[in-house]
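**Q**
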Amino acid sequence: MAQEAQYEPLGHEEKYNRTSFIQEVKKNWLPITSGIWLLLSIYPVIIFLLGAPGGPLTPAQQPMSTVTKTLVLPSFGATPLPGAPDPEGSFRLRDGINSFQDFKQSDRCSLSSLDLHGPFEPLCEEKDSLMQAMSWGGRIGQDAPYSPRGCDMRWFSPKEICVILSKYSRINIMGDSMMRNLAVAMSIYLRADLENGGRSTWMADPEGHDCSCEASFDDRACTFHAVVGTQIVVDNDPQSLVCGTGVTPVEYFHVLEHPIRQEDIDYYLMFQPERKPKKPVAYVMGHGLWNDLDHDKTFMWYDQILDATVKHAPYLSEPEAMFPRLAITPNAAGEKKPDIFIARQGNIALSRFEKIVGGWARAKGMDHLGTYNMSIQATNPDGTHGGMRVNLIKAMMVFNWLNAVDTAAR
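Given below as structure tokens:
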């Protein structure tokens, strides 16, 4: 009995202690849980602060953190991109800042290049992958910055663009008003001026119109006041050219529909060298809307121009001739596209046209740049031409193509 009496108190004490512990936990579960949650919440912050000697990065610095010193400047053939001697890749860091910050602009047309394109890794390493990436890229949301697909393009500064153009004896831009707007956008870069870079500043605007900023692209009254080439700037406002008066000629030729008028062909050929120049001529062409996206007529339009060019300059028919040609298909239509054109020039027709013409152009030995994907989620002020933002991206795409062409392989 004595043994049982000694045993029973021990059993009751054990039971009491266990029950008391459970009651204490239940009583204090909320403070304990809150403490654990707080510790888990601040742990990543503590680690981040300890691992960042300079403190947390600001939002403006965040995109730059993805650019590493191991990223080297790709070389297309024997001609590297501008900035190639820089072993640390700081040229890529420049892509991550607003390259328009030194452009002339106003409150009416203030714009950051980072609103148009955000750099990412890796860069495209050769021309074909670059053209595919730019054609297949897109946006995450309406008017979000555009990104190529799979690999990135460069966002060149005006001075780098001058270096790129110096690889050529001239740049010919041929086509309809879509290509005219491309030429206007290229002029903005060459003059580093968002407000008046695409405008003939030496002329008075049409009465009742302001042809600065977006109007250079969208206002029909400003059509003949837009700058679509370098020679007219050299003649009238040479100090506005970043490249100076020795800039490689960039000129637009008004060549609308098939069949092309002979006077348009004759005028274009007046500016083409008959003998092989020291540097190649680049041909940037676009066609489609004036023949309602009839791809057969587009094929004949290209053939008519290129046949006349080769006949005028026979050296281009030589097997090893440097004959860089870029076919650009139209951008997507917007909600303001007139109803009478939707069936013939709407987005279904445009996307099909781009696929057909792109395949044909590549089979002919030309390069192709599709702009449908780049522009489908972009505001299109008049429903057709894409406006200032879309055309600034188009122009930068063309500069990337001009840079990627291996002009040394001649």
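Numbering (the numbering used here), first residue to last: -13 to 396.
Glycine included, each C-beta is placed from N, C-alpha and C at the ideal position.
Using only CA atoms, which one of A119, E243, P131 and K350 lies nearest to M164?
**A** Position 178 of the sequence shown, counted from the first residue, corresponds to residue 164. M164 has its Cα closest to that of E243, out of A119, E243, P131 and K350.
**Q** Got a sec? Which residues, its chain only, sit under 6 Å from M374 by beta carbon, not counting five neighbours each side?
**A** Locating residue 374 in the sequence shown gives position 388, where the first residue counts as 1. E200 and F203.
**Q** Out of curiosity, what's the CA-to-CA distance linking V228 and A329?
**A** What you label residue 228 is simply residue 242 of the sequence shown in a count that begins at 1. What you label residue 329 is simply residue 343 of the sequence shown in a count that begins at 1. Distance between the alpha carbons of V228 and A329: 43 Å.
**Q** For D93 and I126, what's the separation of their Cα atoms in angstroms?
**A** The residue you call residue 93 lines up with position 107 of the sequence shown. The residue you call residue 126 lines up with position 140 of the sequence shown. Distance between the alpha carbons of D93 and I126: 26 Å.
**Q** Since G356 and T315 are thought to touch, with beta carbons under 8 Å apart, how far apart are those beta carbons, to the nearest angstrom?
**A** In the sequence shown, counting from the first residue as 1, residue 356 sits at position 370. In the sequence shown, counting from the first residue as 1, residue 315 sits at position 329. That pair is a contact at about 5 Å.
**Q** Check whether the region 370 to 387 touches the region 136 to 151, counting contact only when three or more Cβ pairs, one atom from each stretch, lie closer than 8 Å.
**A** Flag = yes, the region 370 to 387 and the region 136 to 151 touch.
**Q** What is the DSSP secondary structure of Y154, reduced to helix, strand or coil?
**A** Numbered from its first residue, the sequence shown carries residue 154 at position 168. Here Y154 sits in coil by DSSP.
**Q** Give me the DSSP bridge partner(s) of A313.
**A** Here residue 313 is taken as the residue at index 327 of the sequence shown, counted from 1. According to DSSP, which records beta bridges pairwise, A313 is partnered with M271 and H354.
**Q** Output needed for Y358: all residues of its chain with C-beta closer than 6 Å, excluding positions within five of it in sequence on either side, in chain order.
**A** Locating residue 358 in the sequence shown gives position 372, counting from the first residue. Around Y358: A318, L336, S337 and E340.
**Q** List, from N- to C-terminal side, the beta strand (DSSP E) runs of 3 residues or more that fit wholly inside the region 83 to 119.
**A** Here no run is fully enclosed.
**Q** Is it true that the region 146 to 154 meets the region 116 to 131, where meeting means three or more beta-carbon pairs spaced less than 8 Å apart?
**A** Short answer: they don't touch.
**Q** For my contact list, A169 and F89 are in at a C-beta cut-off of 8 Å; report their separation, rounded to the angstrom.
**A** The residue given as residue 169 occupies position 183 in the sequence shown. The residue given as residue 89 occupies position 103 in the sequence shown. Contact doesn't hold; Cβ gap of about 18 Å is too wide.
**Q** When the Cα atoms are used, what is the spatial distance from N167 to R206?
**A** Within the sequence shown, the letter at position 181 stands for residue 167. Within the sequence shown, the letter at position 220 stands for residue 206. Straight-line Cα distance between these residues: approximately 12 Å.
**Q** Classify I159 as helix, strand or coil using the three-state DSSP reduction.
**A** Sequence index remark: in the sequence shown, residue 159 carries index 173 (1-based). Three-state DSSP puts I159 in a strand.
**Q** Is I362 near the ligand HEM, in the sense that its beta carbon is under 7 Å from a heavy atom of that ligand?
**A** In the structure shown, the ligand HEM is absent, as is every other ligand, since no ligand is present at all.
**Q** If you count every other CB in all the chains shown that lies within 10 Å of the CB of A46, and 16 or more means buried, which is it?
**A** Taking the sequence shown and counting its residues from 1, one reaches residue 46 at position 60. Note that A46 scores a pLDDT of 35, beneath 50, so its modelled location is shaky and nothing firm can be said.
**Q** Would you list the one or two residues that DSSP bridges to E237?
**A** Start at 1 with the first residue of the sequence shown, and residue 237 comes out as number 251. The partner list for E237 (beta bridge, DSSP) reads N158 and G215.
**Q** Tell me which residues share the same chain as N277 and place their Cβ nearer than 8 Å to its Cβ, disregarding the 5 neighbours each side in the sequence.
**A** On the sequence shown, residue 277 is found 291 positions in, with the first residue counted as 1. So the qualifying residues of the chain are E243, H244, K283, T284 and W287.
**Q** Tell me which same chain residues have a C-beta within less than 6 Å of the C-beta of T231, skipping the five on either side of it?
**A** As a position in the sequence shown, residue 231 is number 245, starting the count at 1. Within the same chain, T231 has close Cβ partners V220 and P224.
**Q** If you draw a straight line from the alpha carbon of S96 to that of L180, how long is it in whole angstroms?
**A** Within the sequence shown, the letter at position 110 stands for residue 96. Within the sequence shown, the letter at position 194 stands for residue 180. Taking the straight line joining both Cα atoms gives about 8 Å.
**Q** Which residue wins for smallest C-alpha separation from M256, given the options K265, E321 and E237?
**A** One-based indexing of the sequence shown puts residue 256 at position 270. Ranking K265, E321 and E237 by Cα distance to M256 puts E237 first.
**Q** Among the residues of its own chain, which have a CB less than 6 Å from the CB of P66, if the five just before and after it don't count?
**A** Here residue 66 corresponds to residue number 80 of the sequence shown, with the count starting at 1. Note on P66: pLDDT 43, under 50, position unreliable in the model; the coordinate value appears next. There are no such residues.
**Q** Going by the beta-carbon positions, is the gap between H298 and E260 smaller than 8 Å?
**A** By one-based count along the sequence shown, residue 298 stands at place 312. By one-based count along the sequence shown, residue 260 stands at place 274. It is a contact, given that the beta carbons lie within the stated cut-off.
**Q** Taking P235 and R156 to be in contact with their CB atoms under 8 Å, please state how far apart those CB atoms are, rounded to whole angstroms.
**A** Translated into positions along the sequence shown, residue 235 becomes position 249. Translated into positions along the sequence shown, residue 156 becomes position 170. Correct: roughly 4 Å between the Cβ atoms.
**Q** Suppose only complete runs of 3+ residues qualify. What are the beta strand (DSSP E) ranges in the region 171 to 199, listed by chain order?
**A** List check, beta strand (DSSP E) in window: nothing returned.
**Q** By a C-beta neighbour count over all protein chains shown, 10 Å radius and 16 as the cutoff for buried, is Q331 buried or exposed?
**A** Residue mapping note: residue 331 aligns to position 345 of the sequence shown, counting from 1. Answer is buried; the Cβ neighbour count reaches 16.
**Q** Whole angstroms is fine: what's the gap from Q91's alpha carbon to F210's?
**A** On the sequence shown, residue 91 is found 105 positions in, with the first residue counted as 1. On the sequence shown, residue 210 is found 224 positions in, with the first residue counted as 1. Approximately 22 Å between the Cα atoms of the pair.
**Q** Could you tell me if S98 is buried or exposed, where buried requires 16 or more neighbouring beta carbons within 10 angstroms of its beta carbon?
**A** Locating residue 98 in the sequence shown gives position 112, where the first residue counts as 1. By the neighbour-count rule (16 or more Cβ atoms within 10 Å), S98 is not buried but exposed.
**Q** Just how far apart, CA to CA, sit I362 and K323?
**A** If you number the sequence shown from 1, residue 362 lands on position 376. If you number the sequence shown from 1, residue 323 lands on position 337. One C-alpha to the other measures close to 13 Å.
**Q** Determine the closest residue to Y132 out of K145, H103 and I159, with distance taken between C-alpha atoms.
**A** The count along the sequence shown starts at 1 and reaches residue 132 at position 146. Nearest option by C-alpha distance: H103.
**Q** In its own chain, which residues sit with a C-beta less than 8 Å from the C-beta of F86, not counting the 5 before and 5 after it?
**A** For the purposes of this step, residue 86 is identified with residue 100 of the sequence shown, where counting begins at 1. Counting only Cβ-Cβ distances below 8 Å, and skipping sequence neighbours, we find L97, S98, S99 and L180.
**Q** Which class does D392 belong to by DSSP, given the choice of helix, strand or coil?
**A** Taking the sequence shown and counting its residues from 1, the one referred to as residue 392 is at position 406. DSSP places D392 in coil when its eight states are reduced to three.
**Q** DSSP three-state call for G123: helix, strand or coil?
**A** Position 137 of the sequence shown, counted from the first residue, corresponds to residue 123. G123: coil per DSSP, three-state reduction.
**Q** On a CA-only basis, which of K262, D325, T216 and G344 is nearest M271? Give me that one, please.
**A** Numbered from 1 along the sequence shown, position 285 holds the residue referred to as residue 271. Nearest option by C-alpha distance: G344.
**Q** What is the C-beta distance between M117 and H354, in whole angstroms, given that I count them as a contact (C-beta under 8 Å)?
**A** Start at 1 with the first residue of the sequence shown, and residue 117 comes out as number 131. Start at 1 with the first residue of the sequence shown, and residue 354 comes out as number 368. Going by Cβ atoms, the distance from M117 to H354 rounds to 7 Å, so yes, they are a contact pair.
**Q** Could you tell me if G372 is buried or exposed, where buried requires 16 or more neighbouring beta carbons within 10 angstroms of its beta carbon?
**A** Here residue 372 refers to the residue found at position 386 of the sequence shown. Classification of G372: buried, given that the 10 Å Cβ count is 16 or more.
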